[in-house]
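Numbering-wise, the sequence shown is residues -18 to -1, 1 to 218 according to mature numbering (1 follows the signal peptide of the UniProt record, and there is no 0). Every residue gets a Cβ at the ideal spot worked out from N, C-alpha and C, and that includes glycine. Scroll down for the structure; my scribbles are underneath it.
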Amino acid sequence: MDLHITILTLTVVLSTSAEFEHEAFAYLGCSDMEEEYYIGYDEEEVGHIDFKQKRGVSTLPDFTGSMTFPGFYGIGVDAMVECKNDLLIHIKNFKSLPRETDAPKTSVYPKDDVQLGVQNTLICHVTAFYPPSVNISWTKNNVHVSEGMSLSMYRPRKDLTFNIFSTLKFTPAEGDIYSCTVNHKALQGQPQTKIWDVDVALPSVGPAVFCGVGLTIGLLGVAVGMFFLIKGHNCN
């Protein structure tokens, strides 16, 4: 079942010598199996509710200092109850309406510089899709893998489409091939797959060889010069 989405947006205009527009928002999403609630500012998350661990989570960066939101978890729980109470009503009211869809755009990249034998994380970034319901899976050398995989919450964009991240912990080995496959209703049964293969470049020996040859030629030139200098001295 698709997520029922409610997005609350508050726009604040600060006026000094010029006008600056900032946007604070609360995002609420629920289905019969999923629950999401978080708040943000200028498209950046400020905090979210972890319904499994039953707590509010601040996601502000460390340099902003410690910040708490009293009653944040309770607000999220109340909002989720309301969302689920209205879920069947919204499904019934909107069931017969035509629904626009936006196909996802997918990219795969490693979190850190790749070193053979050193654990890393692959990131599958899925963006610009609507509605917010996708299925993401991983393979290694054409074999399905789920161990070490995690999935972020849906993140709304200003154009009302969504982002989501899936990550996979892995240890690179030369020749391994990984893939991230995304399934979404806008793809009409044709999943989108992105491939990433382990290809770690070895240090080039070119500069070392070049420097070695240059040094040899230089020493040879010095030896030849010394030979003619000595011969000229003997002739005198």
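Original post:
Who are A155's beta bridge partners in DSSP?
Top reply: Its beta-bridge partners do not exist; DSSP assigns none.
**OP:** Give me the Cα-Cα distance between A183 and Y9, rounded to the nearest whole angstrom.
**Re:** Reliability fails at A183, whose pLDDT of 49 lies under 50, so the model's placement of it is uncertain and the value that follows must be treated cautiously. Roughly 43 Å between the two C-alpha positions.
Original post:
What distance in whole Å lies between the Cβ atoms of C106 and V90, which are believed to be in contact at a cut-off of 8 Å?
Top reply: 5 Å
Subject >> Exposure label - H126; buried when at least 16 CB within 10 Å >> reply: exposed
Original post:
Among residues of its own chain, excluding the 5 on either side of F33, which ones have a beta-carbon nearer than 6 Å to its beta-carbon?
Top reply: E17
Original post:
Near Y112, what residues of its chain come up, given a Cβ to Cβ distance below 8 Å and the 5 sequence neighbours on each side ignored?
Top reply: E82, T83, D84, L142, T143, F144, A168
**OP:** Return the CA-CA distance between F192 and A6, expressed in angstroms with no decimal places.
**Re:** For F192, the pLDDT reaches just 38, beneath the cut-off of 50, and the residue's location in the model is therefore unreliable, although a value from the coordinates is still provided. Those two C-alpha atoms are separated by around 59 Å.
**OP:** Take V164 as the anchor and find which of V108, G130, K122, Y19 has the nearest alpha-carbon.
**Re:** V108
**OP:** Give every residue of the same chain whose Cβ lies closer than 6 Å to the Cβ of N75, excluding the five residues on either side of it in the sequence, and list them in chain order.
**Re:** none
Subject >> Endpoints, the beta strand (DSSP E) within which S89 is located >> reply: 87 to 92
Original post:
Residue range of the beta strand (DSSP E) that H107 falls in?
Top reply: 102 to 111
Subject >> Straight-line gap, L70 to D158 (C-alpha atoms, nearest Å) >> reply: 46 Å
Subject >> Burial state of V28, where buried means 16 or more other Cβ atoms lie within 10 Å >> reply: buried
Original post:
Going by beta carbon distance, what residues of the same chain come within less than 6 Å of Y20, once the five residues before and after it are set aside?
Top reply: Y9, E27, H30
Original post:
For N67, which three-state DSSP category applies?
Top reply: helix
Subject >> CA nearest to the CA of P114, picked from H166, S132, K93, V63 >> reply: H166
**OP:** Can you grab the Cα-Cα spacing for the pair P52 / S128, in whole Å?
**Re:** 36 Å
**OP:** Indicate the three-state DSSP secondary structure (helix, strand or coil) for F144 in the structure shown.
**Re:** strand
Original post:
For L133, which residues of its own chain have a beta-carbon under 6 Å away from its beta-carbon, when the five flanking residues on both sides are left out?
Top reply: S148
Original post:
Count the other CB atoms within 10 Å of the CB of V100; is the residue buried (16 or more) or exposed (fewer)?
Top reply: exposed
Original post:
Using CA coordinates, which residue listed in N117, I57, N124 is at the minimum distance from Q172?
Top reply: N117
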